[in-house]
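Working notes, structure below.
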Amino acid sequence: QGQLVESGGGVVQPGGSLRLSCAASGFTFRNHGMHWVRLAPGKGLEWMTYMRYDGSETHYADSVKGRFTISRDNFKNTLYLQMTSLRPEDTGVYYCARDLVTTNTRYFDSWGQGTPVTVSS
Amino acid sequence: DIQMTQSPSSVPASVGDRVTITCRASQDINNWLAWYQQKPGTAPKLLIYAASNLQSGVPLRFSGSGSGTDFTLTISNLQPEDFATYYCQQANFFPPYTFGQGTKLEI
Numbered sequence: 001q002g003q004l005v006e007s008g009g010g011v012v013q014p015g016g017s018l019r020l021s022c023a024a025s026g027f028t029f030r031n032h033g034m035h036w037v038r039l040a041p042g043k044g045l046e047w048m049t050y051m052r053y054d055g056s057e058t059h060y061a062d063s064v065k066g067r068f069t070i071s072r073d074n075f076k077n078t079l080y081l082q083m084t085s086l087r088p089e090d091t092g093v094y095y096c097a098r099d100l101v102t103t104n105t106r107y108f109d110s111w112g113q114g115t116p117v118t119v120s121s
Numbered sequence: 001d002i003q004m005t006q007s008p009s010s011v012p013a014s015v016g017d018r019v020t021i022t023c024r025a026s027q028d029i030n031n032w033l034a035w036y037q038q039k040p041g042t043a044p045k046l047l048i049y050a051a052s053n054l055q056s057g058v059p060l061r062f063s064g065s066g067s068g069t070d071f072t073l074t075i076s077n078l079q080p081e082d083f084a085t086y087y088c089q090q091a092n093f094f095p096p097y098t099f100g101q102g103t104k105l106e107i
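Same order as they appear, the protein sequences are chains A and B.
The first sequence begins at 1 in our numbering and counts up by one.
The second sequence begins at 1 in our numbering and counts up by one.
Encoded structure:
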């Protein structure tokens, strides 16, 4: 199933920016769509954003639209999440996840270990 | 947006019990539903996809059923390692790829 390793998390002030990375290995990265999912303290999983395998299509949750940008480098086997105008409510652990879609279903079959982001002054 | 409602939000249980968690979608999602398990400090893990298909490597005591709007995850003969939070997720109508709010399985 391969491996996903996130990095780039940290502490940032409200209004600040941060770029997360997700390094993929052990599978053909360029063949898979990818997602970012967040787990905020005391809350449940929240889907953030998706990018198609070739970068031609993206989706965003309303809560991050216009502030977060997903991108990928299929030569470097890496997924990115550029986060700007960060708010305290963006605090949480950010996971990248691999998309697996068939003719009759779709699911996230492989996840990274997560990278923590804290937005606080 | 599709709303996914899980119940209960928490369930006390003991080793050896049989537990059922339900997930209701606000509209028909066919069988485009997955179940995930998450333990504190670890990544979510896929358990069930397409409502009733067991992911490779997941113990047979886990099972899923349902279609349309109502789904269940059943864990038979609970083991100590099963105490975790469980999430359902729909992927039929997106964005967003909505998760349920989670069900915490507690000792």
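Glycine residues also receive a C-beta, built at the ideal position from the N, C-alpha and C atoms.
Quick one: list the residues of chain B neighbouring A/Thr105, beta-carbon separation under 9 Å, in chain order.
One-based indexing of the first sequence puts residue 105 of chain A at position 105. Result: Asn30, Asn31, Trp32, Leu33, Ala34, Tyr49, Ala50, Ala51, Asn53, Ala91, Asn92.
Which residues of chain B have a Cβ atom closer than 8 Å to the Cβ of A/Glu46, listed in chain order?
Numbered from 1 along the first sequence, position 46 holds the residue referred to as residue 46 of chain A. Going along chain B in sequence order, the residues near A/Glu46 (Cβ under 8 Å) are Phe99.
Residues of its chain near A/Arg38, where Cβ-Cβ distance is below 6 Å and the 5 sequence neighbours each way are ignored
Residue mapping note: residue 38 of chain A aligns to position 38 of the first sequence, counting from 1. Exclusion of the five residues before and after A/Arg38 leaves Glu46, Met48, Gly92, Tyr94 as the residues of its chain whose Cβ lies within less than 6 Å of its Cβ.
According to DSSP, is A/Asp54 helix, strand or coil?
On the first sequence, residue 54 of chain A is found 54 positions in, with the first residue counted as 1. In the three-state scheme derived from DSSP, where H, G and I count as helix and E and B as strand, A/Asp54 is classed as coil.
Closer than 9 Å between beta carbons: that is the criterion. Which residues of the stretch 53–76 of chain B meet it against chain A?
Within the stretch 53–76 of chain B, contact with chain A at the beta-carbon level (separation under 9 Å) is assigned to Asn53, Gln55, Ser56.
Whole angstroms is fine: what's the gap from A/Met51's alpha carbon to A/Thr69's?
Along the first sequence, read from residue 1 onward, the residue named residue 51 of chain A stands at position 51. Along the first sequence, read from residue 1 onward, the residue named residue 69 of chain A stands at position 69. The alpha-carbon atoms of A/Met51 and A/Thr69 are separated by roughly 10 Å.
A/Gly15 and A/Leu86 closer than 8 Å at C-beta
Within the first sequence, residue 15 of chain A is the residue found at index 15, counting from 1. Within the first sequence, residue 86 of chain A is the residue found at index 86, counting from 1. For A/Gly15 and A/Leu86, yes; Cβs fall inside 8 Å.
Could you tell me whether any Cβ in chain B is nearer than 8 Å to the Cβ of A/Asp109?
Along the first sequence, read from residue 1 onward, the residue named residue 109 of chain A stands at position 109. At least one chain B Cβ lies under 8 Å of A/Asp109.
In the DSSP output, what is A/Ser110 paired with across the bridge?
The residue given as residue 110 of chain A occupies position 110 in the first sequence. Answer is A/Arg98.
Between the stretch 4–17 of chain B and the stretch 87–100 of chain B, do three or more beta carbon pairs fall short of 8 Å?
Contact holds: three or more Cβ-Cβ distances are below 8 Å.
CB contact flag (B/Val11, B/Thr103, <8 Å)
The residue given as residue 11 of chain B occupies position 11 in the second sequence. The residue given as residue 103 of chain B occupies position 103 in the second sequence. It is a contact, given that the beta carbons lie within the stated cut-off.
Counting only beta-carbon atoms, is B/Ala84 nearer than 8 Å to chain A?
Along the second sequence, one-based indexing puts residue 84 of chain B at 84. Closer than 8 Å to the CB of B/Ala84 there is not a single CB belonging to chain A.
How many angstroms separate the CA atom of A/Gly10 from the CA atom of A/Val119?
By one-based count along the first sequence, residue 10 of chain A stands at place 10. By one-based count along the first sequence, residue 119 of chain A stands at place 119. Rounded to whole angstroms, the gap between the alpha carbons of A/Gly10 and A/Val119 is 8 Å.
Span of the beta strand (DSSP E), counted from its first residue to its last, around B/Asp70:
The residue labelled residue 70 of chain B in the question sits at position 70 within the second sequence. Here the beta strand (DSSP E) through B/Asp70 covers 70–75.
Quick one, which of B/Tyr49, B/Thr85, B/Asn77 has its alpha-carbon nearest A/Asn104's?
The sequence position of residue 104 of chain A within the first sequence is 104, counting from 1. Comparing alpha carbon positions, the residue from B/Tyr49, B/Thr85, B/Asn77 closest to A/Asn104 is B/Tyr49.
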